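Here the structure is laid out as structure tokens; the discussion comes afterwards.
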DNA sequence: TGGGGTCCT
DNA sequence: AGGACCC
């Protein structure tokens, strides 16, 4: 997804092996890069070594990715009306579409057969969408789009009388439609999994990755078939693929297996007992017991994890709130940067604090959103209002670079009340940052670093991570307080906040220009995103980059949808959907956003049914609606118009 | 060897 | 406050 976002900002990256770099780590890589042997999360050195042609983009600042993540989330939510949508990280969503599908199927009874198939009615999507886009046609006889498990259902449609339920078929078409919506409206490709619970949906969604979807048709209630299909699917898998089986759980289980199970079983060949061979789902289910799981992993958790081995999972899709529960920002330090004296620590904390305050202003002030984008306050009505008020601030420091440290070891945190004046937007942000240092942060840092020891000012600290978080976001404003708060003088010497960290805040190195690139600024700024920022923050960012505001207006919008229509009504709420249709069955959809691969990585001799234009840019513009579409999906896009 | 998040204890 | 999990 990071690469896909970078490609929206800089289309010359399309079709090339691209890696997103965060410090010395390759956070993610495009599929072209993976085809050349680059792994996700490998060290930068290893990546460059394996793939000298790898193009690196710095992804330490997440602003751009947050922006697209939010847009996708809001687009999907608005399409699904009242259905719960849960975010997992920045690029995955779970959707419980039970109610929508149930209602859709109920409507069918009153409808006579239509030559175009079935109309699936959706909530209103957004104001730029043509008005007949509140739903889609699908052909129910085409079974499920994409891949189907078990496979034989796909080929022998009504063979054993084993045919997918009408609801899973509808859910599958719904997922397909929404993926198409995200692609056409935002420009991000995605994959999806459709199944009757979260774990299975996520699992099958990962089976066919770039731009595909997979439906697991079997229902947990249909016991015989369900058991055999799900076991065939799950048993060979590394248990790590199941949500909840993390490193600790697997280590605990492996300890037990190698310690006590091995002597009693001949199932594991000698070489399979080594610690780096995966524990499979089948092995755990056959050789361990529910009781053992509960003993080793805790009553509650053990029971849940044990059920997962059979694909049983009743976790609800928990609607993600409009605002997150915590907002944090962090920076990491290697041995060179990470040896700091006290004033150095304070300087780094101030840099982070200032970034955090800017983020709070972007994400927490004003509100009124349309499709993930905050509306500019109308020129005459400025009052920028906080939508949430965090009440706590937390400082976390990880010390040491010793290399032996277990993940997360050496992290210590302290928290304190967040002083109310931080919300006063009339005070320059830098002053509020410095006030936060004075008030709780330097004391918190002292608690962590000096641990009750008396002041030792000359000391050097070895620091590898600093994280600052605000938590406990409240809707109701805090009581006003302490006017004297800002009056004391600063403790630390830094005055300008235009630091390297800040500078990286939005800019990203562009590797090279493109003859046919869509509008993007040489600075690396994403003008589409910039245009959506509140004016004052936008000016702030522009000033940092030394860009004249007039340049902004000359740039074309990145998605040229302006010509499609003159904008119909505003964001009316989602269509009303009966809240309480009974749901014994729960189709889930999950999908990943990921980068698009318009051209086969194996250069030009690959099958090229695509046009020259597509090969060069990967994108074409739909004649009907102006949406920017990638070549490989234009057929589907046209079918979409034909359908509506 | 990132830069984030959520939930549970 | 820390530790598990997720991306």
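Numbering (full-length UniProt numbering), first residue to last: 1 to 644. Backbone N, C-alpha and C fix where the C-beta goes; we use that ideal spot for every residue, glycine too. Just so we're clear, the structure is a prediction, and the values are computed from it rather than from any experiment.
Checking the sheet assignment: what are the DSSP bridge partners for residue i?
{"i": "residue 280", "result": "238"}
{"i": "residue 320", "result": "Note: residue 320 sits in no beta bridge, so no partner."}
{"i": "residue 399", "result": "463"}
{"i": "residue 121", "result": "135"}
{"i": "residue 332", "result": "465"}
{"i": "residue 420", "result": "DSSP output for residue 420 lists no bridge partner at all."}
{"i": "residue 390", "result": "473"}
{"i": "residue 650", "result": "Not covered by the structure: residue 650. The range shown for the chain is 1 to 644."}
{"i": "residue 57", "result": "20"}
{"i": "residue 43", "result": "25"}
If residue i sits next to residue j, beta carbons under 8 Å apart, how far is it from one beta carbon to the other, in whole angstroms?
{"i": "residue 475", "j": "residue 395", "result": "The Cβ separation is near 25 Å, so there is no contact."}
{"i": "residue 168", "j": "residue 144", "result": "7 Å"}
{"i": "residue 123", "j": "residue 78", "result": "6 Å"}
{"i": "residue 323", "j": "residue 306", "result": "Rounded, the Cβ-Cβ distance is 35 Å, inconsistent with contact."}
{"i": "residue 229", "j": "residue 150", "result": "5 Å"}
{"i": "residue 252", "j": "residue 296", "result": "5 Å"}
{"i": "residue 310", "j": "residue 198", "result": "No, residue 310 and residue 198 are not in contact; Cβ-Cβ is about 15 Å, not under 8 Å."}
{"i": "residue 362", "j": "residue 460", "result": "Contact doesn't hold; Cβ gap of about 35 Å is too wide."}
{"i": "residue 120", "j": "residue 173", "result": "7 Å"}
{"i": "residue 27", "j": "residue 59", "result": "5 Å"}
{"i": "residue 445", "j": "residue 345", "result": "6 Å"}
{"i": "residue 691", "j": "residue 64", "result": "The requested residue 691 is not part of the displayed model; the chain covers only 1 to 644."}
Taking DSSP as the reference, what is the three-state secondary structure of residue i?
{"i": "residue 462", "result": "strand"}
{"i": "residue 2", "result": "helix"}
{"i": "residue 363", "result": "helix"}
{"i": "residue 430", "result": "helix"}
{"i": "residue 341", "result": "strand"}
{"i": "residue 407", "result": "coil"}
{"i": "residue 103", "result": "helix"}
{"i": "residue 412", "result": "strand"}
{"i": "residue 20", "result": "strand"}
{"i": "residue 114", "result": "coil"}
{"i": "residue 28", "result": "strand"}
{"i": "residue 259", "result": "helix"}
{"i": "residue 14", "result": "coil"}
{"i": "residue 7", "result": "helix"}
{"i": "residue 326", "result": "strand"}
{"i": "residue 294", "result": "helix"}
{"i": "residue 38", "result": "coil"}
{"i": "residue 252", "result": "helix"}
{"i": "residue 299", "result": "helix"}
{"i": "residue 289", "result": "coil"}
{"i": "residue 184", "result": "helix"}
{"i": "residue 179", "result": "helix"}
{"i": "residue 355", "result": "helix"}
{"i": "residue 479", "result": "coil"}
{"i": "residue 348", "result": "helix"}
Considering only their Cβ atoms, is the gap separating residue j from residue i smaller than 9 Å?
{"i": "residue 224", "j": "residue 281", "result": "no"}
{"i": "residue 66", "j": "residue 90", "result": "yes"}
{"i": "residue 399", "j": "residue 463", "result": "yes"}
{"i": "residue 84", "j": "residue 318", "result": "yes"}
{"i": "residue 193", "j": "residue 213", "result": "yes"}
{"i": "residue 449", "j": "residue 397", "result": "yes"}
{"i": "residue 24", "j": "residue 331", "result": "no"}
{"i": "residue 54", "j": "residue 113", "result": "no"}
{"i": "residue 170", "j": "residue 116", "result": "no"}
{"i": "residue 390", "j": "residue 327", "result": "yes"}
{"i": "residue 286", "j": "residue 350", "result": "no"}
{"i": "residue 675", "j": "residue 219", "result": "This structure gives no information on residue 675, because the portion of the chain shown stretches from 1 to 644."}
{"i": "residue 29", "j": "residue 47", "result": "yes"}
{"i": "residue 190", "j": "residue 182", "result": "yes"}
{"i": "residue 420", "j": "residue 478", "result": "yes"}
{"i": "residue 80", "j": "residue 95", "result": "yes"}
{"i": "residue 69", "j": "residue 87", "result": "yes"}
{"i": "residue 73", "j": "residue 93", "result": "yes"}
{"i": "residue 432", "j": "residue 424", "result": "yes"}
{"i": "residue 138", "j": "residue 247", "result": "no"}
{"i": "residue 279", "j": "residue 257", "result": "yes"}
{"i": "residue 210", "j": "residue 2", "result": "no"}
{"i": "residue 440", "j": "residue 409", "result": "no"}
Beta carbon of residue i: closer than 8 Å to some heavy atom of the ligand NAP?
{"i": "residue 123", "result": "Ligands in the displayed structure: none, and consequently the ligand NAP is not present."}
Inset, instruction - List in chain order: all unbroken beta strand (DSSP E) runs of 3+ residues lying wholly within the segment 195–248. - result: 213–216
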